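Step one of this worksheet: look at the structure below.
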Amino acid sequence: MTLFNSVFTWFMKKRIHQIELFMKYPNEVQEEWFEQLVSVAENTEWGKKHHYKSIENLGQFKERVPIQNYDTLKPFIERMLKGEKNVLWPSEIRWFAKSSGTTSDRSKFIPVSEEALEECHFKGGKDLLTIYFNNQPNPRMFTGKILTLGGSHQISQLSQDTSFGDLSAVIMKNLPYWAEFHRTPHLDIALLENFEEKIEKIAHATKDVNVTSISGVPTWNLVLFKRILEITGKKNLLEVWPNLEMYFHGAVNFTPYREQFKKLIPNEEMYYLENYNASEGFFGIQDTKEPGDMLLMLDYGIFYEFLPLENLHDENPATLTLDEVELNKNYALIISTNAGLWRYMIGDTIKFSSLSPFRIQITGRTKHFINAFGEEVIIDNAERALEEACTQTGAVIREYTAAPVYFNGDDCGAHEWIIEFEKRPAEFERFVDLLDETLRRINSDYDAKRFKDLALRRPIVRRAPDGTFFNWMREKGKLGGQHKVPRLANDREYVDGILKMMELVGVQRQDYKN
Numbered sequence: 014m015t016l017f018n019s020v021f022t023w024f025m026k027k028r029i030h031q032i033e034l035f036m037k038y039p040n041e042v043q044e045e046w047f048e049q050l051v052s053v054a055e056n057t058e059w060g061k062k063h064h065y066k067s068i069e070n071l072g073q074f075k076e077r078v079p080i081q082n083y084d085t086l087k088p089f090i091e092r093m094l095k096g097e098k099n100v101l102w103p104s105e106i107r108w109f110a111k112s113s114g115t116t117s118d119r120s121k122f123i124p125v126s127e128e129a130l131e132e133c134h135f136k137g138g139k140d141l142l143t144i145y146f147n148n149q150p151n152p153r154m155f156t157g158k159i160l161t162l163g164g165s166h167q168i169s170q171l172s173q174d175t176s177f178g179d180l181s182a183v184i185m186k187n188l189p190y191w192a193e194f195h196r197t198p199h200l201d202i203a204l205l206e207n208f209e210e211k212i213e214k215i216a217h218a219t220k221d222v223n224v225t226s227i228s229g230v231p232t233w234n235l236v237l238f239k240r241i242l243e244i245t246g247k248k249n250l251l252e253v254w255p256n257l258e259m260y261f262h263g264a265v266n267f268t269p270y271r272e273q274f275k276k277l278i279p280n281e282e283m284y285y286l287e288n289y290n291a292s293e294g295f296f297g298i299q300d301t302k303e304p305g306d307m308l309l310m311l312d313y314g315i316f317y318e319f320l321p322l323e324n325l326h327d328e329n330p331a332t333l334t335l336d337e338v339e340l341n342k343n344y345a346l347i348i349s350t351n352a353g354l355w356r357y358m359i360g361d362t363i364k365f366s367s368l369s370p371f372r373i374q375i376t377g378r379t380k381h382f383i384n385a386f387g388e389e390v391i392i393d394n395a396e397r398a399l400e401e402a403c404t405q406t407g408a409v410i411r412e413y414t415a416a417p418v419y420f421n422g423d424d425c426g427a428h429e430w431i432i433e434f435e436k437r438p439a440e441f442e443r444f445v446d447l448l449d450e451t452l453r454r455i456n457s458d459y460d461a462k463r464f465k466d467l468a469l470r471r472p473i474v475r476r477a478p479d480g481t482f483f484n485w486m487r488e489k490g491k492l493g494g495q496h497k498v499p500r501l502a503n504d505r506e507y508v509d510g511i512l513k514m515m516e517l518v519g520v521q522r523q524d525y526k527n
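This note's numbering puts the first residue of the sequence shown at 14, with every later residue one more than the last.
The following block contains the structure:
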């Protein structure tokens, strides 16, 4: 263990210097990656189609390659799944990250090249450790095991040469020996496809292990933690794992979960480190102890463009590079990667909280917002309003979703929220008022529509019984992995489905009204 720590300390110091370099010269680093990506892919089918060989600058690249989404790249990816080579990227691609990101029935298969594994996802994982060790004076993480709660993995039926699974499973299946040695549980359990069986086996397999750090999506980690406490009869996780010191988290905003984690891990020194690792690439790491924003990682084989959200639906929208972005403005993230995703809109929206260095916050999804009446409420608005309502009323939220209520007769519109509380607010009506008031304060469009109830009336908030969202996700076959509850929707598909399920189990509407 001493030798490993010595080797890692050497690596950490070297890598911190490299991170400082791209923080100091961000535009130059990105320009180098742009040129390298185009050059490497010039003889692929895609490169020839878009004449990569004669591209001399970014302007030409933008002219020749329209902004892409999964539907436009899907025909190329389907051929790659069958084993075709040199389509979007020159090196052989044997792994695909199966992603939905929502409760949509359609799965996406995102190519993961060897370069993307090594230069992006693995590099990001090592940088998590590097940044943690750099910020923490006396880390003891490697004296025990890291508990990882990931997804599942299976062999694609389209080709024996290609495999797919959740990104976490793809990463675990390809981890180097040293990383696998420090991880728990065994892969046979970690990659189980049945989520409830996996939770049960992980709980029993890890309750007596010296777990010093945990990695995963907060939603599903909480399910595991509560099961471990049930099995052991302990009051909190420190009674199970006394040396627990670190939690690596991502995929969802951690704010609604923070109070639950503090209760389960009652240690003021517990370190929480956020990362932004999507199926399409590893984008950001929280590099300071203060939560809220992440350093944009610029040397992972990804070239970034940023599309102002107000131009999202323009016919040929103009994108910006790092030297053109502004603080606190919402952008759709556009990436070109070393796995063959070209000018690909991943569906996330971000804003810059710092321009020197470039730090970002995830603000939502390009498709997850409420704008039925011109109010333009995004996930960032919702999270801030709920946080304020919880702080003022002592509430803790487990899960939530929201959707519009359309005009009906003389009734104007509204937003309908379904919230499952870990701890109910002391004053429920005040909670609703605070939610409404905060949204009005931080979103001028929402405030204008709420004026004298002209377009929007006071929000309708439904209190969901314990287990509602877990059961709904199970019904959708979306338990575990990187699946997450859709927070906002511009239609009522999710909300009506949950309300119907609640009624089927005997919860009458008068029982969960505000």
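All C-beta atoms in this analysis are idealised placements derived from N, C-alpha and C, irrespective of residue type, glycine included.
Note that this is a predicted model, so its numbers are computed, not measured.
Below 8 Å on the Cβ atoms is my contact criterion, and I expect I13 with S126 to pass it. Report the Cβ-Cβ distance as a whole number of Å. Past the edges of the chain, shown from 14 to 527, lies residue 13, and the structure says nothing about it.
Compare the Cα-Cα distances from L391 to each of G377, I123, Y289, G60 and report the closest residue. In the sequence as presented, Leu is not what sits at residue 391; that position holds Ile. The shortest C-alpha separation from I391 is found at G377.
Residues near K380 in its chain [Cβ-Cβ closer than 7 Å; skip 5 each side]: G360
Examine the Cβ distances between the segment 324 to 340 and the segment 169 to 186 and report whether three or more of them are shorter than 8 Å. no
Quick check on T481: buried or exposed, where buried means 16 or more other Cβ atoms within 10 Å of its Cβ? buried
Out of T245, Y419, K497, P321, which has the shortest C-alpha to C-alpha gap to E412? K497
Straight-line Cα distance separating A129 from K98: 16 Å
7 Å Cβ cutoff met for V78 and R463: no
Taking 8 Å as the threshold, find out whether the segment 466 to 477 comes into contact with the segment 417 to 428 through three or more Cβ pairs. yes
CB-CB length for R475 against E429, believed under 8 Å: 7 Å
Would you list the residues sitting across from N290 in a DSSP beta bridge? F295
Can you have a look at K211 and say buried or exposed, based on whether 16 or more other CB atoms are within 10 angstroms of its CB? buried
Inter-residue spacing [alpha-carbon to alpha-carbon] between K37 and F444: 44 Å
Going by DSSP in three states, A468 sits in which element: helix, strand or coil? coil
Run the CB neighbour count on K158, radius 10 Å, all protein chains shown included, and call it buried at 16 or more, exposed below. buried
Expressed to the nearest angstrom, what Euclidean distance is found between the alpha-carbon atoms of L354 and E293? 8 Å
Entirely within the segment 227 to 280 and at least 4 residues each: give me those alpha helix (DSSP H) ranges in chain order. 231 to 245, 250 to 253, 271 to 277
In three-state DSSP terms, what is Q149? coil
Under the rule that 16 or more other beta-carbon atoms within 10 Å means buried, what is W108, buried or exposed? buried
Outcome for K66 when other beta-carbon atoms lying within 10 angstroms are tallied against a minimum of 16: exposed
Within this structure, are the beta carbons of L181 and G96 separated by less than 7 Å? The sequence given here places Ser at residue 181; Leu does not occur at that position. No, these two residues do not count as a Cβ contact at 7 Å.
In whole angstroms, what is the alpha-carbon distance linking D460 and R453? 4 Å
Three-state secondary structure assigned by DSSP to M25: helix
Tell me which residue opens and which closes the alpha helix (DSSP H) that D460 is part of. 457 to 463
Boundaries (first-last residue) of the alpha helix (DSSP H) holding Q73: 71 to 77
Evaluate contact between the segment 267 to 277 and the segment 238 to 255, counting only Cβ atoms and requiring at least three cross-stretch pairs below 8 Å. yes
Checking the sheet assignment: what are the DSSP bridge partners for R378? D361, H381
For P321, name the three-state secondary structure that DSSP assigns. strand
On the CB-based measure, 16 or more other CB atoms within 10 Å of its CB, does T301 come out buried or exposed? exposed
C-beta contact flag for F319 and L308 at 7 Å: no
Near P231, which residues of its chain fall below 7 Å by C-beta distance, leaving aside the five closest residues on each side in sequence? H262, V265, F267, Y270
Segment contact, 8 Å Cβ cut-off, at least three pairs: the segment 232 to 247 with the segment 201 to 220: yes
Rounding to the nearest angstrom, what Cα-Cα distance links D312 and F35 in this structure? 7 Å
Could you give the first and the last residue of the continuous alpha helix (DSSP H) run that contains T85? 83 to 94
Per DSSP, which one or two residues make a beta bridge with T350? I315
DSSP three-state label for R453, please. helix
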